[in-house]
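Asker: Take a look at this one; I'll ask things after.
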Amino acid sequence: MKFQFIADHQQEFPVRRMCRVLGVSASGFYAWQQRRPSARKMANDKLLSQIKQVQKESRGTYGSPRVHAALVQQGISCGLHRLARLMQQHGLRAKGKRRYKRTTNAVHAYPIALNVLNREFTTQAPNQKWVGDITYIPTGEGWLYLAVVMDLYSRRVIGWAMTDHMKQELTVTALSMALNRCRPKPGLLHHTDRGSQYAATHYRTLLHQHQIQVSMSRSGNCMRTSSPIIAPMESFFATLKAELGHYGWYRTRRQARAEIFEYIEVFYNRQRRHSSLGYLSPLQFEQKNITSFSTVH
815 MKFQFIADHQ
825 QEFPVRRMCR
835 VLGVSASGFY
845 AWQQRRPSAR
855 KMANDKLLSQ
865 IKQVQKESRG
875 TYGSPRVHAA
885 LVQQGISCGL
895 HRLARLMQQH
905 GLRAKGKRRY
915 KRTTNAVHAY
925 PIALNVLNRE
935 FTTQAPNQKW
945 VGDITYIPTG
955 EGWLYLAVVM
965 DLYSRRVIGW
975 AMTDHMKQEL
985 TVTALSMALN
995 RCRPKPGLLH
1005 HTDRGSQYAA
1015 THYRTLLHQH
1025 QIQVSMSRSG
1035 NCMRTSSPII
1045 APMESFFATL
1055 KAELGHYGWY
1065 RTRRQARAEI
1075 FEYIEVFYNR
1085 QRRHSSLGYL
1095 SPLQFEQKNI
1105 TSFSTVH
């Protein structure tokens, strides 16, 4: 056990110092290392290989809780603390989130709606509460602007659009995609900030045609909460920018568009595990709960 402890921590402390503190000889430790690996060592090596595979599939975006959830779902039994220790020892960690920056302009003459959502981000079914926002991605050709519509029920991105400008066509295209995909019933609540792209006539007309209730945040307070939990859209954009493989190194807008499309439609909606969804992806969460609802009824 002492030799195993030394082996596990030799990247942190000198071997001879640990041997002296633990009352064993350094020669004995090195001899022990030459012997057949222990069952524990082989089990750790196997688990480490499985961890690395999950990390590879997650594009290096998962920390220990998400890796643990993925392995458990595969039927692999392991303790979270043991897994976290192995990841720390081998320098495996999730990519850090980037700071979120607001892009919309709230100085305009368009009508402003009340904040009906009022920070109530929970909902019991799809197509009850949608949120929308805009961010930007740097490229060698200039900014690429991304507008997103998200369903708060599952955090699934249901509509998106990308252009080289921030005119209202950007947000209208994203909303149109969401409407065509989901076909919500009248009464849906749609929340954004007070930016001109969301308050403009074309966007408000589209919402009115589908009998959607409009909600807008106060200026400079779009979907922020006073709690330490990051609000859904802010969290999504911070996550996207942290996890995009080439973020900050796109030569062209076309390259950025292709990677963002793949991130949203292939990885984020279908594969990425969310702690708030019981470590399921948005689509897995919807499929599980819709199936459960149908079974009960």
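Each residue of the sequence shown is one higher than the one before, starting from 815 at the first, in our numbering. From the three backbone atoms N, C-alpha and C, an ideal C-beta is built for every residue, glycine too.
#1: Between the beta-carbon of R830 and the beta-carbon of A821, is there less than 7 angstroms?
#2: Determine the closest residue to R1087 out of V886, Q818 and A853, with distance taken between C-alpha atoms.
#3: Classify A939: buried if its beta carbon has 16 or more other beta carbons within 10 angstroms, exposed otherwise.
#4: Put W846 into one of helix, strand or coil per three-state DSSP.
#5: Check each candidate in H904, H1005 and H1016 and name the one with the smallest Cα separation from L928.
#6: Per DSSP, which residues does T949 bridge with? Please list them.
#7: Are there 16 or more other CB atoms within 10 angstroms of the CB of P1000, so buried, or fewer, so exposed?
#8: Does the distance from the CB of P1096 to the CB of R997 come in under 7 angstroms?
#9: Does A857 come out as helix, strand or coil in the three-state DSSP assignment?
#10: Which residue's Cα is closest to the Cα of H979: H1016, V1080, R899 and Y950?
#11: In terms of residue numbering, what span does the beta strand (DSSP E) encompassing M976 cover?
#12: Given 6 angstroms as the limit, tell me if A840 has its C-beta closer than that to any heavy atom belonging to the ligand NAP.
#13: In chain order, what residues of the same chain have a beta carbon less than 7 angstroms from the beta carbon of T1039, not counting five sequence neighbours either side?
#14: Tell me the residue span of the alpha helix (DSSP H) that contains L1020.
#15: Which whole-angstrom value describes the C-beta separation of Y1012 and T985, a residue pair presumed to lie in contact below a C-beta threshold of 8 angstroms?
#16: May I have the straight-line CA-CA distance separating R1068 from W846, to the nearest angstrom?
#17: Mapping DSSP to helix, strand and coil, what is H895?
#18: Could you tell me which of Q942, I1074, S1089 and L1091 sits nearest to A975, measuring between CA atoms?
#19: For K999, does the three-state DSSP call read helix, strand or coil?
#20: So, with DSSP's three-state summary, where would you put T936?
#21: Check whether the Cβ atoms of M1030 and V945 lie closer than 7 angstroms to each other.
#22: Are the CB atoms of L906 and Q869 within a distance shorter than 7 angstroms?
#23: Would you mind reading off the limits of the beta strand (DSSP E) that contains V1028?
#24: So is T953 buried or exposed if we call it buried at 16+ other beta carbons inside 10 Å?
#25: What separation, rounded to the nearest whole angstrom, lies between the Cα atoms of R880 and L1003?
#26: For the alpha helix (DSSP H) holding S1049, just list the boundary residues, first then last.
#27: In the DSSP output, which residue or residues are listed as bridge partners for K943?
#28: What does a CB cutoff of less than 7 angstroms around I1115 pick up in its chain, not counting 5 residues either side in sequence?
Answerer: On the basis of the supplied data:
#1: In the sequence shown, the residue the question calls residue 830 occupies position 16. In the sequence shown, the residue the question calls residue 821 occupies position 7. The answer is no: Cβ separation not under 7 angstroms.
#2: The residue labelled residue 1087 in the question sits at position 273 within the sequence shown. When only C-alpha atoms are compared, the closest one is V886.
#3: Stepping through the sequence shown from its first residue, residue 939 is reached at position 125. When all chains shown are included, A939 counts as exposed.
#4: Counting from one through the sequence shown, the residue named residue 846 turns up at place 32. Reduced to three states, the DSSP call for W846 is helix.
#5: Numbered from its first residue, the sequence shown carries residue 928 at position 114. Per the Cα distances, H1005.
#6: Within the sequence shown, numbered from 1, the residue matching residue 949 stands at position 135. Per DSSP, L960.
#7: As a position in the sequence shown, residue 1000 is number 186, starting the count at 1. The residue in question, P1000, is exposed, as its Cβ has fewer than 16 Cβ neighbours within 10 Å.
#8: One-based indexing of the sequence shown puts residue 1096 at position 282. One-based indexing of the sequence shown puts residue 997 at position 183. The answer is no: Cβ separation not under 7 angstroms.
#9: Position 43 of the sequence shown holds residue 857. Three-state DSSP puts A857 in a helix.
#10: As a position in the sequence shown, residue 979 is number 165, starting the count at 1. Nearest C-alpha to H979: Y950.
#11: One-based indexing of the sequence shown puts residue 976 at position 162. Unbroken beta strand (DSSP E) run through M976: R970 to T977.
#12: In terms of ligand content, the structure shown is empty, and the ligand NAP therefore cannot be addressed.
#13: On the sequence shown, position 225 is the one that residue 1039 refers to. With a pLDDT of only 37 at T1039, under 50, the local geometry of the prediction cannot be trusted, and the value read off the model is given with reservation. Cβ within range, chain order: R933 and A1045.
#14: For the purposes of this step, residue 1020 is taken as the residue at position 206 of the sequence shown. Looking at the DSSP string, the run of the alpha helix (DSSP H) that includes L1020 is T1015 to Q1023.
#15: On the sequence shown, position 198 is the one that residue 1012 refers to. On the sequence shown, position 171 is the one that residue 985 refers to. Their Cβ separation, rounded to whole angstroms, is 6 angstroms, which keeps Y1012 and T985 in contact under 8 angstroms.
#16: On the sequence shown, position 254 is the one that residue 1068 refers to. On the sequence shown, position 32 is the one that residue 846 refers to. For R1068 and W846, the distance between alpha carbons rounds to 56 angstroms.
#17: Walking along the sequence shown from the start, residue 895 turns up at place 81. In the structure shown, H895 sits in a helix (DSSP, three-state: H, G or I).
#18: Your numbering for residue 975 matches position 161 in the sequence shown. If we check each option's Cα against that of A975, I1074 comes out closest.
#19: Residue 999 sits at position 185 when you count from the first residue of the sequence shown. The answer is coil: DSSP assigns K999 none of H, G, I, E or B.
#20: As a position in the sequence shown, residue 936 is number 122, starting the count at 1. Correct three-state label for T936: coil.
#21: Within the sequence shown, residue 1030 is the residue found at index 216, counting from 1. Within the sequence shown, residue 945 is the residue found at index 131, counting from 1. It is not a contact, given that the beta carbons lie outside the stated cut-off.
#22: Here residue 869 refers to the residue found at position 55 of the sequence shown. Here residue 906 refers to the residue found at position 92 of the sequence shown. Taking 7 angstroms as the Cβ cut-off, Q869 and L906 qualify as a contacting pair.
#23: As a first step, residue 1028 must be located in the sequence shown, where it is residue number 214. Unbroken beta strand (DSSP E) run through V1028: Q1027 to M1030.
#24: As a first step, residue 953 must be located in the sequence shown, where it is residue number 139. Buried, since its Cβ has 16 or more Cβ neighbours within 10 Å.
#25: If you number the sequence shown from 1, residue 880 lands on position 66. If you number the sequence shown from 1, residue 1003 lands on position 189. Looking at the two C-alpha atoms, the distance is approximately 31 angstroms.
#26: What you label residue 1049 is simply residue 235 of the sequence shown in a count that begins at 1. Run containing S1049: P1046 to E1057, per the alpha helix (DSSP H) assignment.
#27: In the sequence shown, the residue the question calls residue 943 occupies position 129. Note: K943 sits in a beta bridge opposite L1003.
#28: This structure gives no information on residue 1115, because the portion of the chain shown stretches from 815 to 1111.
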